[in-house]
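Worksheet: the structure to be examined is printed underneath.
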Amino acid sequence: MASYVVMEPPVRGSDDAVVVRDGFYFLAFIVPLLWLLVHRLWIEALAVLAVTLSVAAAGSYVLAGPAGSIAALALNLFIGLEASSLRLAALRRRGWRDWGVVEAENRDDAEIRYLLRAEATGDLRRDTGTIHDRGATLTRRDETISGPALGMLAYPTKG
2 MASYVVMEPP
12 VRGSDDAVVV
22 RDGFYFLAFI
32 VPLLWLLVHR
42 LWIEALAVLA
52 VTLSVAAAGS
62 YVLAGPAGSI
72 AALALNLFIG
82 LEASSLRLAA
92 LRRRGWRDWG
102 VVEAENRDDA
112 EIRYLLRAEA
122 TGDLRRDTGT
132 IHDRGATLTR
142 RDETISGPAL
152 GMLAYPTKG
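For the sequence shown, this note's numbering assigns the number 2 to the initial residue and increments by one for each residue that follows.
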C-alpha cells in the first residue's frame, strides 16, 4: 500500500482537497523541468533551470568526461525522489492545510477513504453515497484509527 498526503484548501467548506502520493515520481526523474511546470511549481522550476544551466556550464569548462552527466543525473534523481515534498511545500506556501495521511492501493481509493473519514469526523458535510471502508489504516492529525488485524484483534486507538 502507498501513503497519500491529503491537503485541504485554505477556504473552509471547499471540497477540492488534493491527494499527493508519497514516493518516487518517474516522470519527475525523466523530465524534471516539465513536471515542475505542469504542477505549477514555478520557484522550484526556476531553481532547477538555474542549477541545470550551471551544471551544463561547469561541464563544458571544468568537468571532463562523464562527471557532468553524473551531476545532471544526480539532480534528476533528487527531483524524482523529492517531487512529492516539493509539491506539498508549495501547497503549504499557498495556505493549504495538512489534513492527514491515508494508506491506499491507488489514488481513487485514497480519495474515497479521505471522504469517508472526513464525513465521519464532521470535517466534511456532504453526501458521498454508500461506500464501505475495508479496514484501512488512517492517520489524521495526532490520532490513529485502524481496522482489525487479521480479523481477530483491533489496534488500540487514542480517545
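Even glycine gets a Cβ: it sits at the ideal position worked out from N, Cα and C.
Quick check: what's the CA-CA separation for residue i versus residue j?
i, j, result
"L78", "N107", "23 Å"
"A18", "L38", "20 Å"
"F30", "W43", "17 Å"
"D110", "T53", "37 Å"
"E112", "L89", "17 Å"
"L35", "L116", "31 Å"
"E45", "V32", "14 Å"
"Y62", "H40", "33 Å"
"I132", "A51", "Low confidence applies to I132: its pLDDT is 35, below 50, so where it sits in the model is not reliable, and the reading given next is rough at best. The straight-line gap from Cα to Cα measures roughly 48 Å."
"P67", "L47", "25 Å"
"A91", "A58", "29 Å"
Just confirm the distance between the C-beta atoms of residue i and residue j, as a whole number of angstroms; I'd bet it's less than 8 Å.
i, j, result
"Y5", "A105", "6 Å"
"I80", "V49", "6 Å"
If you drop the 5 nearest sequence neighbours on each side, which residues of the same chain put their C-beta closer than 8 Å to that of residue i?
i, result
"V56", "G69, A72, A73, L76"
Which residues share a DSSP beta bridge with residue i?
i, result
"D99", "M8"
"V52", "Note: V52 sits in no beta bridge, so no partner."
"V19", "M8"
"E104", "S4"
Only counting the same chain, and skipping five residues up and downstream in sequence, which positions put a Cβ closer than 6 Å to that of residue i?
i, result
"G60", "G69"
"W100", "V7, E9"
Within the same chain, show all residues whose beta-carbon is closer than 7 Å to that of residue i, passing over the 5 residues directly before and after it, in chain order.
i, result
"V20", "Y5, V7, R108, A111, E112, Y115"
"M2", "E104, A105, E106"
**Prompt:** Does the stretch 82–94 come within contact of the stretch 16–26, defined as at least 3 CB pairs closer than 8 Å?
**Reply:** yes
**Asked** Below 8 Å, can you find three or more Cβ-Cβ pairs linking the stretch 95–111 to the stretch 3–11?
**Response** yes
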